[in-house]
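Here the protein sequences line up with chains Z and B, keeping their order.
FYI, our numbering numbers position 231 of the first sequence as 231, with every residue one higher than the one before it.
FYI, our numbering numbers position 270 of the second sequence as 658, with every residue one higher than the one before it.
Here is the structure we will look at, set down as structure tokens.
Number of protein chains: 2
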Amino acid sequence: MTYRSPRAIGFAPPHDVTEGMGRMGRQSGTDADGQRRSTVTDVARRAGVSTATVSRVLNRNYPVAAATRERVEKAIQELGYVVNAHARALAGVSGRTVGIIVNDVVDPFYAYIARGVEREASRGGRLCLVCCTQGDPQRELAFVELMHERRADAVIVVGGSVADRAYTGELARRATELDADGAKLVLCGRPPLGERVPTASVEYDNEGGAFALTDHLLTQGHERVLYLGGPPGLSTTRDRLAGHRRALELRGAEADPALEQPGAFSRAFGARRMAEVLRQDIRFTAVFAANDIVAAGAAQALEEAGLRVPQDVSLVGYDDVPVAQEMRPRLTTVHVPLEEMGRQAVRVALRDEDEDPWREPTTGVIRLGTHIVVRDSVAPRGTHRGRT
Amino acid sequence: MTYRSPRAIGFAPPHDVTEGMGRMGRQSGTDADGQRRSTVTDVARRAGVSTATVSRVLNRNYPVAAATRERVEKAIQELGYVVNAHARALAGVSGRTVGIIVNDVVDPFYAYIARGVEREASRGGRLCLVCCTQGDPQRELAFVELMHERRADAVIVVGGSVADRAYTGELARRATELDADGAKLVLCGRPPLGERVPTASVEYDNEGGAFALTDHLLTQGHERVLYLGGPPGLSTTRDRLAGHRRALELRGAEADPALEQPGAFSRAFGARRMAEVLRQDIRFTAVFAANDIVAAGAAQALEEAGLRVPQDVSLVGYDDVPVAQEMRPRLTTVHVPLEEMGRQAVRVALRDEDEDPWREPTTGVIRLGTHIVVRDSVAPRGTHRGRT
DNA sequence: CTCCGGACAGTAAACGCATTCTATGGGCTG
DNA sequence: CAGCCCATAGAATGCGTTTACTGTCCGGAG
């Protein structure tokens, strides 16, 4: 038999469903009123063994005679004993927790990453702390701190960040403190904090994807493409916009400032701003939405304005979340391996402690590939009448 | 000055961003190599006070002279000290954690509820443990246990459940054990576990909503309505189907077994089964999708079959997640206050311990209202040609 | 001038579990 | 049959905080 094996979650040998033996038999402590939560000591007393032995049957990390084990397990059942993870953590065992901080769990971009994190975490027998910043960097900082207090094995911050000096410094400080405690701050889909700051990170190529997309549009004959959405100042927006511009420049297309309309990552923004732009005197034959959600909003506004996609206007998005496949026409976009990013984030953070402790401590940087996926929302320029 | 005030998360007085004072000065322990994580004792030593005093400035729950406080805070800064939540919890302070268990964070039904839970939790200064069962009751049970081990203040299980006897008993057992430890199991959108089992719960009216929806369809002249989707055996499916049948019966419409096509809650199922049904010889003039996601799938299949909604076939969904408003035509559905359910779930579980401890221990049951929201996906029977 | 109470600060005992040593049999080897 | 080693079980110690209890110092009332 092998000991010391932190198992994945689920399918634990199910407890005997000894139906309604409803908590009668309290006989542990010396307290007079209702039953107190029982401890290892109580279990030990009831089984007639020492606390050490109880601990050992609990953790299966040391041989215990079958007969003894059974007595202990019986006592555990009867007492309804549940180990105290805090005490266990305090005694030196990992808390088996990873934290993830996102803008909003409802947004599919974050939801898929969160799913990846959660799956990989529970595969390693860990639980997952999830927090939502609602876009507020102060909350993000506060959450990182709180997760550090709970001694999370890793804290994963997800999505683009603002380039504020004070904020960045503060986050770097926390990264360093986490590192000093053997934990890791993982940057998931956001730029590094600087050479000296000990972090791990999982990246994907925003600039490159955007370049490919705009290049695709250009190749189809579109010269004036409207860039729509994305919070200005956010690294994600900056990078995608950079790729877009580079493609434009490379093909010698003019860069009209009126064609850049950043704002937000929401469907509502996409619809509203698209409608506004349509009312103005801005010429374009294609729309590059900062992400698929914005694209969905734009598509709606386009449709309501009587414009057909792709016959009248071509449209592309970014991220390849489900809505991209569900739209009609199906959206051409850049596929980002969201769930895989989540998985890798916990892997890169944990591989030091789960594997041989001998290996060099890793400051991992994982870079995941993206690729453009061509669907039905782009048509060659020649076939449509363009937009005034 | 008031002491003892657990504050909401965010906007804590920002630490001085004393930029690059990068962890030089290690002088705490006696260990030779790199700095060790510092403890209250280290801080106390450095500030020249006792650990009790440090604890008091940390928790602001006892008067400390201003000068002393400053020295301590300085020491904390310099050491990069971060309190250990495990030790704190062990010493008797609440772990300030709530757990939520869902099928899948990506599904908007769960995502919105999770968002509500997270928001309400962090409003109370708590962090949120999130787990995904992927539909497996065994994993759910395992997660409840794990959260209990971590001494979560509340464990919220979300969504319909199967009526398996062993599973139910096991869950009841855990609910009882949680209760004995002063925590609460919260049933969110699922039927109670029985009179004797100490749980809190947040419900909404599946049966009633479904009744209203089918009644609406019937009123519009539809007599043969296809019920599509929802895992058979799941309480949610059972209840919605029950409401549907009751309306049918009340209006004297015939209940054709062929018109009931349960299966899953996914878009893919909706599309596939809809397409299959269209190929068969089943007459119907309206479709009642078990939820909005299934409705979206069905809409797609309908469109691909050349059938228009609502001219040829009427369609309704359930839950009122965003896709319902985004579909064209906009989907008539039942609005369920998902996010509010999440908020209420943590409230009902926590109101005992956050408010006056005098009040009667509550076994709360909260019932939230739902209402049908009529949009554009249903038309009176007369206007369309029906379906063979 | 003495005594008392208030404002602070320190001491030490939990909190519940893991783990390191140490002790005790019993089976085996030689 | 003596001496050993292995399999097990117990005793004791430490993990980092909080929190009763105890002081101690000081100013003002009597």
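Ideal Cβ placement from N, Cα and C applies to all residues, glycine included.
When C-beta atoms of the segment 430–438 of chain B are compared with those of the segment 137–150 of chain Z, fewer than three pairs fall below 8 Å, so the two segments do not count as touching. Excluding its 5 nearest sequence neighbours in each direction, Thr721 (chain B) has C-beta neighbours in its own chain below 7 Å: Asp680, Val704, Gly705, Tyr706, Asp707, Asp708, Ala712 and Val761, listed in chain order. Counting the other CB atoms within 10 Å of its CB gives Val93 (chain Z) a total below 16, which places it among the exposed residues. Secondary structure of Ser314 (chain Z) (DSSP, three-state): strand. A straight line joining the alpha-carbon of Val493 (chain B) with that of Cys128 (chain Z) spans about 12 Å. Interface criterion met: the Cβ of His474 (chain B) is under 8 Å from a Cβ in chain Z. Ranked by Cα distance from Ala674 (chain B), the first of B:Gly609, B:Ile464 and B:Pro620 is B:Gly609. For Gly757 (chain B), there are no CB contacts under 7 Å within the same chain when 5 residues up- and downstream are skipped. Look at the segment 670–734 of chain B and you find these whole runs of beta strand (DSSP E), each 3 residues long or longer: 674–677, 702–704 and 721–723.
Beta-bridge pairing by DSSP links Ala154 (chain Z) to Z:Val98 and Z:Lys184. One alpha carbon belongs to Gly182 (chain Z), the other to Arg88 (chain Z), and they sit about 18 Å apart.
Taking C-beta separations shorter than 8 Å and ignoring five residues to either side along the sequence, the partners of Arg150 (chain Z) in its chain run Gly95, Thr97, Gly99 and Leu129, following chain order. Listed by position along chain B, the residues whose Cβ is nearer than 7 Å to that of Glu177 (chain Z) are Gly468 and Val470.
The C-beta of Val753 (chain B) has fewer than 16 other C-beta atoms within 10 Å across all chains shown, which makes the residue exposed.
Tyr112 (chain Z) and Asp567 (chain B) have their C-alpha atoms spaced approximately 33 Å apart. Under the DSSP assignment, Leu756 (chain B) falls in the beta strand (DSSP E) whose first and last residues are Val753 to Leu756. Interface flag for Cys576 (chain B) against chain Z is unset, since no Cβ pair is found closer than 8 Å. Note that the C-beta distance between Gly685 (chain B) and Ala646 (chain B) is not below 8 Å.
Linking Arg735 (chain B) to Cys519 (chain B) through their CA atoms gives a straight-line distance of about 20 Å.
In this structure, Glu260 (chain Z) keeps its C-beta atom at 8 Å or more from the C-beta atom of Leu248 (chain Z). A residue is called buried when at least 16 other Cβ atoms come within 10 angstroms of its Cβ; Leu622 (chain B) meets this threshold and is buried. Gln608 (chain B) sits in coil when the DSSP states are folded into three classes, being neither helix nor strand. The three-state reading of DSSP puts Glu195 (chain Z) in coil, since its state is none of H, G, I, E or B.
Against chain Z, the CB of Gly631 (chain B) has no partner CB under 8 Å away; the residue lies outside that interface. When CB distances to chain Z are screened at a threshold of 7 Å, the residues of the segment 536–559 of chain B falling below it are His536, Glu537, Arg538, Arg539, Ala554, Gly557 and Glu558, in chain order.
By the rule that beta-carbons nearer than 8 Å mark a contact, Val105 (chain Z) touches chain B. The three-state secondary structure of Glu642 (chain B), taken from DSSP, is coil. Within chain Z, the residues Ile9, Gly10, Ser122 and Leu127 have their CB atoms less than 9 Å from the CB of Phe531 (chain B), given in chain order. In the structure shown, the three-state DSSP call for Tyr450 (chain B) is coil. Leu601 (chain B) has its alpha-carbon roughly 47 Å from the corresponding atom of Asp239 (chain Z). Annotation: the continuous beta strand (DSSP E) that includes Ser201 (chain Z) extends over Ala200 to Tyr204. The Cβ of Gly617 (chain B) sits no closer than 8 Å to any Cβ of chain Z. Cβ atoms of Val155 (chain Z) and Met147 (chain Z) come within 8 Å of each other, at about 5 Å.
Non-local beta-carbon contacts of Asn491 (chain B) in its own chain, meaning distances under 7 Å to residues more than five positions away in sequence, involve Tyr498, Cys520, Thr521, Gln522, Gly523 and Gly547 in chain order.
A Cβ-Cβ separation of about 13 Å leaves Gly730 (chain B) out of contact with Glu591 (chain B) under the 8 Å criterion.
Rounded to whole angstroms, Ala641 (chain B) and Val144 (chain Z) show a C-alpha spacing of 58 Å.
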